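**Student:** Residue 1055 is where the sequence shown starts when you use the working numbering, and the numbers rise one by one after that. What follows is a structure written as structure tokens; I'll ask about it next.
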Amino acid sequence: MPAPTLPEKRWSIDLEKKIQEAHSEDEQEYTQRYGFNPDSGKEIFVIDTPPPYPSGTWHIGAVAQYSMIDVIARSQRLLGKEVYFPWGVDRNGINIEFVVERNTKRKMKTYDRDEFLSLCRETIEEFTQAMRDTAKRVGLSCDFSKEYLTDSPEYRQVTQAIFVELFKKGEIIEDLRPNIYDPVEGTTIADAEVERTSRRTKLIDIKWYTDEGVEV
């Protein structure tokens, strides 16, 4: 077996920092290498990644998952394809509100609206920057120069235009329906935020009636 030619015996954090600095020093070269050029004439390969949600430190499991997606992106580039590997952050939702409440030990209802929104923005920007740093540290080959944030005016304009178009086509309807409501937080919540437990309790039967008085 031939002897290894690399002088390093183990991975060094200092070596990792040098690679990071090389990427950050020449962003134009980084963008040319990993950016998306729809006019290149190459076969286009699009990776539709769900943007991560910055409600805290990026979990190592999620980082590993995005690293596996990065393997696909890099392999497709080696095959000569024009790869669109977007980087974005999902900055909507009530999880960040819970984080601010937990950090400040105050309920949202005790704040002035503008003050609470300002705290949410500061907190989510801190988490977003940490997430960017982690993504670059593990070497994700995304085009960070075209980062999208779901709370930006540009993104909201695009999504609202799509909703309007779908509504006009009848693909989206407005309706009245039962939903999960948290009486403590004073808001509706998603199914994913409901914790289910098995215990003895009273069974409450609620009767629903239509406007015509018919029980449903």
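The beta carbon of each residue, even a glycine, is placed where N, CA and C say it ideally should be. A quick note: this is a predicted structure, and the numbers were derived from the prediction, not measured.
Does ILE1150 come out as helix, strand or coil in the three-state DSSP assignment?
**Tutor:** Helix, per DSSP.
**Student:** Among GLU1136, PHE1152, ASP1124 and TRP1141, which has the Cα closest to the Cα of ILE1178?
**Tutor:** Looking at the Cα atoms, PHE1152 is the closest of the given residues.
**Student:** Taking C-beta to C-beta, are GLY1089 and SER1199 nearer than 9 Å?
**Tutor:** Going by C-beta atoms, GLY1089 is nearer than 9 Å to SER1199.
**Student:** By DSSP's criteria, PHE1099 is part of a beta bridge. Which residues make up the other side?
**Tutor:** Paired residues: VAL1137.
**Student:** Between which residues of its own chain and ASP1236 is the CB-CB distance below 6 Å, once the five residues before and five after are set aside?
**Tutor:** Cβ within range, chain order: ILE1243.
**Student:** Which residue comes first and which comes last in the alpha helix (DSSP H) that contains PRO1207?
**Tutor:** Segment 1207-1222, the alpha helix (DSSP H) holding PRO1207.
**Student:** Start and end of the alpha helix (DSSP H) containing LEU1132?
**Tutor:** Per DSSP, LEU1132 belongs to the alpha helix (DSSP H) from 1114-1132.
**Student:** Should the stretch 1093-1105 be regarded as contacting the stretch 1163-1174, the criterion being three or more beta carbon pairs within less than 8 Å?
**Tutor:** Counting Cβ pairs under 8 Å, fewer than three are found: no touch.
**Student:** Answer yes or no: do ASP1124 and VAL1192 have a C-beta to C-beta separation smaller than 9 Å?
**Tutor:** Yes. Within cutoff.
**Student:** Using only CA atoms, which one of LEU1257, ILE1234, GLU1266 and LEU1194 lies nearest to PRO1140?
**Tutor:** Of the candidates LEU1257, ILE1234, GLU1266 and LEU1194, the one whose C-alpha sits nearest the C-alpha of PRO1140 is LEU1194.
**Student:** Applying the 10 Å Cβ sphere with the 16-neighbour rule, what's the burial state of PHE1221?
**Tutor:** Exposed, by the Cβ-count rule.
**Student:** Could you spell out the range, first to last residue, of the alpha helix (DSSP H) harbouring TYR1088?
**Tutor:** Taken as a continuous stretch (DSSP letters only), the alpha helix (DSSP H) holding TYR1088 covers 1081-1088.
**Student:** Helix, strand or coil, according to DSSP, for ASP1168 in the structure here?
**Tutor:** If DSSP states are grouped into helix, strand and coil, ASP1168 belongs with the helices.
**Student:** For LEU1069, does the three-state DSSP call read helix, strand or coil?
**Tutor:** Residue state, collapsed to three classes: helix.
**Student:** To which residues does DSSP link THR1241 through a beta bridge?
**Tutor:** The partner list for THR1241 (beta bridge, DSSP) reads ASP1236.
**Student:** In the DSSP output, what is LEU1203 paired with across the bridge?
**Tutor:** Per DSSP, VAL1143.
**Student:** Classify ARG1145: buried if its beta carbon has 16 or more other beta carbons within 10 angstroms, exposed otherwise.
**Tutor:** When all chains shown are included, ARG1145 counts as buried.
**Student:** For TYR1263, count neighbouring C-beta atoms within 10 Å of its own C-beta (all shown protein chains included) and say buried if the count is 16 or more, exposed if not.
**Tutor:** Classification for TYR1263: exposed.
**Student:** Less than 8 Å between C-beta atoms, sequence neighbours within five positions excluded: which residues of the same chain meet that for ALA1057?
**Tutor:** Closer than 8 Å at Cβ, skipping near neighbours: no residue.
**Student:** According to the neighbour-count rule (16 or more other Cβ atoms, all chains shown, within 10 Å of its Cβ), is ALA1232 buried or exposed?
**Tutor:** Note on residue identity: the sequence assigns Pro, not Ala, to residue 1232. Looking at its Cβ environment, which holds fewer than 16 other Cβ atoms inside 10 Å, PRO1232 is exposed.
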